[in-house]
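**Student:**
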Amino acid sequence: MRNLLEKDIELYKQLIDNANVIFNAFDSEGNILIWNKAAEETTGYTKKEALCNKKIMEHLYPDTEYRKEVLKSIGSAFKEDYKNVEFTLVTKYGDKKSIAWSAIAMKDKKGRPVGSFAVGIDVTLKNIIKQRERESFRALLKSVRYHEDTKQQYEELIEKLKHEVNTMCRESNKPPKY
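Going left to right, the sequence shown walks through residues 2 to 179 as my numbering numbers them.
What follows is the structure, encoded as structure tokens:
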């Protein structure tokens with residue numbers, strides 16, 4: 002039985018480490034306990050650089066106020082699970098990445114919170130595509146409005162020309178054309 006449990010644990014470790022989503026776990030002190038390959042690839046920070054490194058959050062979230070918001074969210078996972086909470090981190094190379102996080106509390110046998118477990122998905126590209134779609138829609142809407150305005154101006158011009166033609170016809174004692 003013990004051997005089977007050890008195999009299961011090893012299988013879960015491999016699954017977490019090789020998943021294509023970020024897996025993190027934090028203890029009650031805010032130390033990172035799990036940092037998988039997807040976390041390394043997304044952030045540029047190795048497992049060695051991230052685990053139990055109090056400064057890693059300063060690197061990932063360099064803006065002090067924003068970091069406080071992130072840490073507050075991580076802390077809230079000790080009490081209440083959350084889903085699709087999005088934060089933008091800064092990679093080791095200075096790139097910004099938007100990550101959608103979902104987290105659950107880890108509790109001891111007595112039900113006391115001892116940490117949190119989080120899964121993150123890089124939604125940077127999705128957000129860029131959404132932004133470009135919004136920009137394209139705005140440009141299209143602006144173009145449609147421009148053409149509607151232009152059409153209205155043409156219609157007004159045609160009405161003025163018709164009026165002038167009719168006026169000239171009357172002045173020359175001819176029946177109006179329009």
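Every residue gets a Cβ at the ideal spot worked out from N, C-alpha and C, and that includes glycine.
First and last residue of the alpha helix (DSSP H) that includes residue 167?
**Tutor:** 125-172
**Student:** Quickly, what does DSSP pair residue 107 with across the bridge? List them, please.
**Tutor:** 116
**Student:** Residue 44 and residue 89 look like a contact to me (Cβ under 8 angstroms); what is the Cβ gap, rounded to whole Å?
**Tutor:** About 12 angstroms separates the two Cβ atoms, so there is no contact after all.
**Student:** Assess contact between the stretch 159-175 and the stretch 123-139, defined as three or more Cβ pairs (one per stretch) separated by less than 8 angstroms. Is contact present?
**Tutor:** no
**Student:** Could you check whether the Cβ of residue 51 sits closer than 8 angstroms to any Cβ belonging to chain B?
**Tutor:** In summary, chain B is missing from the structure at hand, where a single protein chain is found.
**Student:** From the DSSP secondary-structure annotation, give me the bridge partner or partners of residue 89.
**Tutor:** 99
**Student:** Roughly how far, in whole angstroms, is the beta-carbon of residue 120 from the beta-carbon of residue 10, given that I think they are within contact range, below 8 angstroms?
**Tutor:** Not quite, the Cβ-Cβ distance comes to about 19 angstroms (not below 8 angstroms), so this is no contact.
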